[in-house]
Each structure stands twice: as structure tokens, then as C-alpha cells.
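Remarks on the structure that follows.
Protein chains in written order, with the numbering used here: chain A, 1 to 348; chain B, 349 to 681.
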């Protein structure tokens, strides 16, 4: 039996190849030209500086969400409630801006307060899921899902109720903030705010340092591997889970905050834009490895941005990006399973 | 129409709109009884709704539409089964990926048929029974799938609790090792029940696209989210078909109540009332799980004997304990 590196690598590459084959088959089934579709996605994501900048804009919340999720995955939690945590981040940031926008405070200070408020909002919502799990025995998947719906309801209620635009409330969100309260962008027309990119990079580096280089990270791993053994060895199990929830919530809240401060400049109904769920996919695809998360998140962001033009150019639905992302994660999971089954667990 | 007739029609509508959720919840209950969480529910319902509608539209046959829906549901479930049973991957991970993949597949492949008018399941008034006062308009002027939704609850309950095969089903979900020793083919049976559960859930899709919310409208079909509800209701139902069906009806009732109450609550936007049942679902999840929490047991032990017994009784009545081997792979050795 050859348990050598090339065989193992062949499985990993095979998964990715199969995902492209599956997506190609889907395109053929939809009577679409596959090569043209892939080429258009490439063009839509890297064809000029504007779209490339949009990929970075989309990468920021995705990598922030993934960073947080890597912490909850380390401790063995499936924080599916991250969507709601992103929403609450956006809501709290909006609240902070609304509260201080007419004050005499320096705009930079108001922005800082809004960022902190967003992080607090995300952490609060995450700890709610944690409390439901710890003290209520509610599995974090179902508690989190429920809280996602509640967060959506809160967001809609604010947009259509207390925070509605003067005149008529609409799905386009609250009234945009004064441009002095926008996170400064590269050029006046661009949506790319350098500060948000710096924050995202700091986030992923911080998570790497936390998980790989601290005792706290080591204890999180211990709880994730075997909570009972960790407890017996003196690691406070539920406290660490709660801390992981809170930390993930901070990052998720930051993602929501960036969407409000740097991208939309207002609160919109779909403020989380599915970045939380996509972050779960990224984390699974990289098998919870922190260093790989950033480039894979960039690739996923490129797929999302690249497919925006598909409906206009090829009359295809832009959900093709999701089909390719889903196929990738599914087939990488399946080939990983096949690898372990055929080559033995040691091949992991 | 009198007030009474309006309320009756509303309640009949609750049973009608809950029917697909009943199918999905019973399907998930069977799958989880066998020890496998099929988290792909939300994507399964969307893909089978689109697929069932597309097949019906092309063939003009309602039956083929439902067959296609069930086949899609079974197929997606078999992927979950293969990944988790044979390849020993996390059920939650595979199910979650399939949720998103199937959702995007349904939007992508359903793009060309968006907004088209297709066949629609007719109402099937049961002669005689429909004339019974109150019960007639409530139960016997529905369509065939709604009648079947009543039947599937009863049949699932009888199967799970009153048949030998049902006992075996519970065995492979509770103590697979013991079931294996007694001669059950644990892995084969899990495949079977996951597929059956998936097929039942797959029927929920065409029930929407050919009946309750007829047609396919892509992202605005209003179906995204229903699968997650079905998963929550399965837990609320404590893996018991009757309790699960009660959950589905309660959910549909609350949504209807939201619509009815809207004119008298002008301060609350309609988008909020539509999601209002969700916080209530969380609350009920909390209640049914409270008995499983360690600190509750500990604080119960401190109560005086009489109060403790009463509290324990109440908690036990609400409590739902999952099949012991739920979510874990079965290793023969």
C-alpha cells in the first residue's frame, strides 16, 4: 500500500477537479457554454481594477466571519448563528452612528465608537446562543438558527419601524449617513476602504496567533478534541465554549459593522448578505486551517463578484458561484472521506 | 360569510399550509430516529420544489412532479448517508454544504422556468364528509396531499412505535452496537431510512410549487427558511410524529394569526409578523431541552420532595431526548 504524499495529494486535487466537472455538468444541463461561463467569472473578478477592488470589498466581511468561525470550530462548536451575529453588528453600529451623528464629537471618534458597538452587538448575540447551549441545553445549531431569524426580524423592524426613512420605509434600507461618517475610501468613487482591509488582515493574523501560539488556544483545542477529558484535566469546559462564542461574535459583529460603515453607509435588510454561511463553507473547505482561510476566502469572494455579470452577459443566474462553491466543499469533504477510508486514518 | 365561516376557512388554510411542513418533519424524524441528522432540509425543499415544478411543467403531469420531488429528496439524503455512514464524515458538515448547494442549484437551474404558470393540485372535496358541520369545512375540503399529511403522521407513529421494524429503527438510532449484535444490518438500514426520510421531505417541495405557493419564482419564492423551521420542529416534536405534527400546525397557526392580527397592530411591519413565530419556536426549544440541562437537575435535587416530584413531572412531559446515537457514525469493532 502506498501511503505516500503523491497519492494523498492526488485525492485532494481530485476533489477540486471533480467539483469543476460537476459544475460543468450543471452548466451543460442548463444548456450554457461552460468555458464562456468560467471565462466570464474570471473577467468579472479580475478584468479591471474596479472589479478587483470589489473582490477585496467582498473579501473583508468573508474573512472576518471565517476568522471568528475558526475559533468556534477549534472548540468544537458549529456556530451557525453567525449570520445573526453579523446582523446585530450592523444594527449596533447603525445605532451608534444615529446616536452620535449630530453630536460635536470628532467623526473619527464616532466611527471608532460604531466599530466597538458593532463588535459588542455581535458578541452579545453569540453569547445568547452560548447561554442557550450552556444553561438551556439547546444545541448551538438550532439555537443559532432561531436567533438568525430573530436577528432578521429585529433588523426589519428597525428599518421599517423606528429607523425608517422620512416619508416611506423601503427595502433599500435606512437613510444614508453623512459622508463624513463613511470609512474613507481609496478614491471618492471606490467602495474599497483601506482601513477595513487592514482590520480584516489583523483579524486573521490575530486568530492564527491565538489558536497556534497561546495557552488559551491550546485549551480551546483540548475542549474541541475531547470536552470530557479536558474537563477532567481541569480545563473549564463551558467557560471556554462561552469565550469562543464571544470571540467569534466580536469578529462577526466587526463584519456587520464594516458593511454599514464602509460599504452601504446605512442599514439594509440583507446586511449580512450570507457571508456567515459562506464563512462556514470556507472554514470547512480549508479543513479549519487558519493560514489557508485567507486565500480561499479571496477565491470565494472572487467567484461571488465574478458572477454578478452572468445574468446580463450570458442570461445565467448568478447563483452559479454558489453552485461551484458548494460543489468544491462537498467534493473535498467526500474525497477526504474516501482518502481516509482507502488509505487508512493515518492518511489524514 | 359569517365570522364563524371565516375563522373555519382560516383554520382549514392552516392545515393546508402546514401540510408540506408535516411531510418534511416526519421525514426528518424518521431519519433522525435512525441516527442520522439530515441538515440539508432547506436545500432539499427548494430543489425538489423547483424540480417537481419543472417536471410537471414539461410533462403536464402532477404525479410525475411529486415523484420527481421525492426522488430528488431521496437522492440528496443518500449523499448525506454515503458521506456520513460510508465515509464517516460529519453529518452536520455534509448536510450544511448540501443545504447551500441545493439552494443555489435550484436558483440556477430554475432560472429559465421562473414565473411560468404550471399545473396546480386541485381541491378534492370528500362527498358526504364535507357536509358535516365544522369538521367538514375544516378537514374534508382540502387537496389530496393535505389528506395524506394526516395519514403520514398516523402511519409514521404506528410504524415507529407499534411494529417490529419500527422497534429495529429505534434500536439503530439508540444503541446501534446492541442492534448490530441482535442481527440488525445497521448501516444498510440507516441508508434505507435516511432515503425514505429524504423522499418524504422531498414531497414537501412540489407541495409548495404545485399547490401551497404554486409556481417557481426563484429567490422570491418564499421557500428559503422553511427547511430550517422543519429541523427545529423535529426537535420540538421530540422525535414523535404526533408531537411533530402538532409543532407544524402550531407554526402555521401562528403565521396565520400574524396575518389576521396585522390590521389591528399597525405599528408592527408585516415583515416582522411573518417571522414572529421564530422567537416562540426558540422559547419552546428551550422548554423541551431544559430538562436535559445539568444545572436544572442539580437545582431540582435541592427542592423539597413534593415540589421536586411535581417539577420533574412537568419537565418530563415537555422534555424531548434525542436518539442516543444521533449524529455519530457506527463502528463495527
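The beta-carbon is built from N, C-alpha and C at its ideal position, and this holds for glycine as well.
Under the three-state reduction of DSSP, which class applies to residue 452 of chain B: helix, strand or coil? Residue 452 of chain B falls in the helix class under three-state DSSP.
Considering only the beta carbon of each residue, do residue 257 of chain A and residue 118 of chain A sit closer than 8 Å? yes
Looking at residue 369 of chain B: is its Cβ nearer than 8 Å to the Cβ of residue 599 of chain B? yes
Are there three or more Cβ pairs, one per stretch, closer than 8 Å when the segment 90–97 of chain A is compared with the segment 206–226 of chain A? no
Give the single residue among A/153, A/324 and A/80 whose Cα lies nearest to the Cα of residue 252 of chain A. A/80
Run down chain A in chain order and give the residues with a C-beta less than 8 Å from the C-beta of residue 643 of chain B. 135
In angstroms, rounded to a whole number, what distance separates the CA positions of residue 634 of chain B and residue 24 of chain A? 44 Å
Return the CA-CA distance between residue 15 of chain A and residue 328 of chain A, expressed in angstroms with no decimal places. 7 Å
Looking at the structure shown, is residue 212 of chain A part of a helix, part of a strand, or coil, going by DSSP? helix
Within 8 Å, strictly: CB atoms of residue 120 of chain A and residue 143 of chain A: no
Whose CA, out of A/41, A/36, A/27 and A/70, lies closest to the CA of residue 279 of chain A? Ranking A/41, A/36, A/27 and A/70 by Cα distance to residue 279 of chain A puts A/70 first.
May I ask which residues mark the beginning and end of the alpha helix (DSSP H) holding residue 235 of chain A? Where residue 235 of chain A is concerned, there is no enclosing alpha helix (DSSP H), given that its DSSP letter is neither H nor E.
Presumed contact (8 Å Cβ cut-off) between residue 597 of chain B and residue 362 of chain B, rounded CB distance: 7 Å
Which chain A residues are close to residue 520 of chain B, counting only those with a beta carbon under 7 Å from its beta carbon? Within 7 Å Cβ-Cβ: nothing; residue 520 of chain B doesn't reach chain A, min ~21 Å.
Are the C-beta of residue 372 of chain B and some C-beta of chain A separated by less than 8 Å? no
Leaving out five residues before and five after residue 532 of chain B in sequence, what residues of the same chain have Cβ atoms less than 7 Å from its Cβ? The answer, listed in chain order, is 516, 519 and 520.
Once DSSP output is grouped into helix, strand and coil, what is the label at residue 348 of chain A? Residue placement at residue 348 of chain A is poorly supported in this model, since its pLDDT is 43, which falls under 50; the coordinates still yield a value, given next. Coil.
Outcome for residue 106 of chain A when other beta-carbon atoms lying within 10 angstroms are tallied against a minimum of 16: exposed
What does the Cβ neighbour count give for residue 603 of chain B, buried or exposed, with the cut at 16 atoms within 10 Å? buried
From the DSSP output, read off the bridge partner residues of residue 471 of chain B. BP columns for residue 471 of chain B point to B/491.
Within its chain, find whatever has a CB closer than 6 Å to the CB of residue 588 of chain B; leave out the 5 residues flanking it on each side and keep chain order. none
8 Å Cβ cut-off: residues of chain A touching residue 441 of chain B: 284 and 333
Rounded to the nearest angstrom, what separates residue 284 of chain A and residue 504 of chain B at their Cα positions? 35 Å
Going by alpha carbons, who is nearest to residue 546 of chain B out of B/575, B/571, B/564 and B/353? B/575
Is the separation between the beta-carbon of residue 305 of chain A and that of residue 45 of chain A shorter than 8 Å? yes
Output yes or no for whether 8 Å exceeds the beta carbon distance between residue 254 of chain A and residue 173 of chain A. no
Spatial neighbours of residue 359 of chain B within its chain, please: C-beta separation below 7 Å, excluding the five flanking residues on both sides. 486
Between which residues of its own chain and residue 361 of chain A is the CB-CB distance below 7 Å, once the five residues before and five after are set aside? Examination of residue 361 of chain A is not possible in this model, given that chain A is present from 1 through 348 alone.
Determine whether the beta carbon atoms of residue 453 of chain B and residue 388 of chain B lie at a separation below 8 Å. No; because the gap between Cβ atoms is not below 8 Å, this pair is not in contact.
Entirely enclosed alpha helix (DSSP H) segments - the segment 632–657 of chain B, minimum 4 residues: Segments of the alpha helix (DSSP H) lying fully in the segment 632–657 of chain B: 642–650.
Quick one: is residue 465 of chain B buried, meaning 16 or more other Cβ sit within 10 Å of its Cβ, or exposed? exposed
I need the straight-line Cα distance from residue 102 of chain A to residue 110 of chain A, nearest angstrom please. 10 Å
Could you give the distance in angstroms between the alpha-carbon of residue 439 of chain B and the alpha-carbon of residue 11 of chain A? Each residue's alpha carbon lies about 21 Å from the other.
DSSP state of residue 288 of chain A mapped onto helix, strand, coil: coil
Residue 671 of chain B burial status per 10 Å Cβ neighbour count (16 or more: buried): buried
Residue 140 of chain A by DSSP, collapsed to three states: which one? Helix at residue 140 of chain A.
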